[in-house]
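In what follows, a structure is listed as structure tokens, so that the remarks can point back to it.
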Amino acid sequence: MHDGTDFVASSALRPLPAPSRPSPCVTDLRSPPLTQRQLISATPSKRRVPASQPGMADPHQLFDDTSSAQSRGYGAQRTPSGLGYPAASTTPPAAFLADPMSNMAMAYGSSLAAQGKELVDKNIDRFIPVTKLKYYFAVDTMYVGRKLGLLFFPYLHQDWEVQYQQDTPVAPRFDINAPDLYIPAMAFITYILVAGLALGTQDRFSPDLLGLQASSALAWLTLEVLAILLSLYLVTVNTDLTTIDLVAFSGYKYVGMIGGVLTGLLFGKIGYYLVLGWCCVSIFVFMIRTLRLKILADAAAEGVPVRGARNQLRMYLTMAVAAAQPLLMYWLTFHLVR
Amino acid sequence: MAFTLYSLLQAALLCVNAIAVLHEERFLKNIGWGTDQGIGGFGEEPGIKSQLMNLIRSVRTVMR
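Residue numbers (my numbering), protein chains in the order written: chain A, 1 to 338; chain B, 1001 to 1064.
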């Protein structure tokens, strides 16, 4: 980290009076907490303000001996801003703050950090739609509970329409039919953990297999969403299904997969096939009922049977999307249950 | 299973390349998928074939 030569060279540039340096082991013990606080221009702005104040006081409290002056002086040399801290490092901390050079350094560092933060905030919205994502995570416990119940037993639910509030869909917290990303994300992570558990009980586990499972499941998810997007484009469906909606719908099958694998671990292959079959049928019905309202909006809303070539094509598309779910559910779990 | 994100990326790249190398004059016109042959009237329903031709033409334009 900091060797003795670096030490001496940087000290040679400064007008600091440098008396006997403490031994390297002593400064190594002390400098990490100091350099963190005194690297003003490198820390992010939200950490900087509370850190600078106690940072000035702490060496004074921690170290009562004279080596604290050299430690502070050493810490001051590590700031990359390159501005010199003249005799101020040997004076008490209050005079350190009053030094105009250190004030300028602090102001410069804080403005750099603020600019950087602004730049990141401005550009992050171009790649990841953060505000749109926040909508999908606006869930509460009751919604999660009821949605999970709906995923396992969708047969009694009557009204599948998403409620709108002045042209924007209502947050998932208030409407059980709205898609969310919380359940798919949690189910995906739980699926990877359960896959690791299943592999472990069969003595087939190794840590890189977890990464492989995760990558494989993500790749299938991406492929499925891309295929659905392509077919939606080809059939020219005028729908308000966004890509994130499709990711959410494709992620709902992980819940059934987890149930199947866990039952397979507890009760063997019979339990696995039973629960997986049940979850497959449930997800099939769930997807058909949800997508019918989105894709076949004009025809199916009133409940009339589907007629005409265009509507027939859309119905086939809905059935294909819904049928892909059980297939993928089986494909991604059958190798885990032996 | 070894179906990783990287293999998906490779497959996508190869597919895009395959669409990009379809030659307009020598091939697409001969099977009736040229871009000036398909655009019918401005009816409501483009149909799958014209959507596909549009897609191919867009991919070729972007990859040019």
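Cβ atoms here follow ideal geometry from the backbone N, Cα and C, with glycine treated the same way.
In this text the structure is predicted, and so the values were computed from the model without any measurement.
Close beta carbons around residue i, own chain, < 7 Å, minus the five adjacent residues each side
i	result
Lys147/A	Ile176, Ile183
Lys269/A	Val337
Met287/A	Phe249, Val321, Ala322, Gln325
Gly1047/B	none
Leu62/A	Only weak support is given to the placement of Leu62/A: the predicted model assigns it a pLDDT of 48, under 50, and the value that follows is read from those uncertain coordinates. Closer than 7 Å at Cβ, skipping near neighbours: no residue.
Asn1054/B	none
Ala187/A	Gly251, Tyr254, Val255, Ile258
Cβ distance (whole Å) where residue i is taken to contact residue j below 8 Å
i	j	result
Val225/A	Leu317/A	Contact flag wrong, Cβ pair sits at about 14 Å.
Trp160/A	Leu293/A	6 Å
Val261/A	Ala198/A	6 Å
Leu1008/B	Ala219/A	5 Å
Where the alpha helix (DSSP H) through residue i begins and ends
i	result
Gly116/A	100-127
Ala1012/B	1005-1020
Val281/A	253-295
Lys964/B	As displayed, chain B neither begins before 1001 nor continues past 1064, which places residue 964/B out of reach and without an answer.
Leu234/A	207-234
Gln202/A	Premise fails: Gln202/A is in no alpha helix (DSSP H) and is neither H nor E.
Asn1054/B	1047-1063
Other residues of its chain near residue i: CB distance less than 8 Å, five sequence neighbours each side excluded
i	result
Asp140/A	Arg173
Phe137/A	Asp180, Leu181, Tyr182
Val237/A	Ile295, Arg314, Leu317
Arg204/A	none
Ile340/A	Residue 340/A cannot be examined here, being either before or after the span of chain A that is shown, 1 to 338.
Leu229/A	Thr243, Leu246
Ala185/A	Gly251
Selected residue, minimal CA-CA separation from residue i, among the options
i	options	result
Leu1028/B	Leu1013/B, Leu1052/B, Leu1008/B	Leu1052/B
Phe334/A	Thr168/A, Ile258/A, Ile128/A	Ile258/A
His157/A	Thr290/A, Arg310/A, Gln325/A, Ala324/A	Thr290/A
Val281/A	Thr131/A, Thr168/A, Gln325/A, Thr242/A	Gln325/A
Ser1058/B	Asn1030/B, Glu1025/B, Gly1047/B, Ile1019/B	Ile1019/B
Glu1024/B	Tyr1006/B, Val1062/B, Asp1036/B	Asp1036/B
Leu151/A	Leu119/A, Val261/A, Val255/A	Val255/A
Gly211/A	Gln202/A, Leu193/A, Leu223/A, Ala227/A	Leu193/A
Leu332/A	Gly277/A, Ser216/A, Tyr272/A	Ser216/A
Lys253/A	Leu266/A, Gly264/A, Glu118/A, Gly277/A	Gly277/A
Thr944/B	Asp208/A, Tyr233/A, Leu232/A	Summary: the structure shown does not reach residue 944/B, with chain B confined to residues 1001 through 1064, and so no result is reported for it.
Gln165/A	Ala187/A, Ala178/A, Tyr155/A	Ala178/A
Ile1031/B	Lys1049/B, Leu1014/B, Val1016/B	Lys1049/B
Cβ-based neighbour list, residue i, same chain, cut-off 6 Å, excluding 5 preceding and 5 following
i	result
Leu221/A	Ser250
Gln163/A	Val170, Asp175
Leu83/A	In this prediction, Leu83/A has a pLDDT of 49, which is less than 50 and means its spatial position is unreliable; what the coordinates show is noted afterwards. If we look at Leu83/A and ignore the five residues flanking it on each side, its Cβ neighbours are Met101, Ala105.
Ala195/A	Gln213, Leu336
Thr43/A	Confidence in Thr43/A is poor, its pLDDT being 45 and thus under 50, which makes the residue's placement too unreliable to answer from.
Residue i at chain E interface by Cβ criterion, 7 Å
i	result
Gln1010/B	Among the chains of the structure shown, chain E does not appear; the protein chains present are A and B.
Review point. In the stretch 118-185 of chain A, which residue ranges form an unbroken alpha helix (DSSP H) of at least 4 residues, counting only runs that do not cross its ends?
Key: 130-136, 141-152
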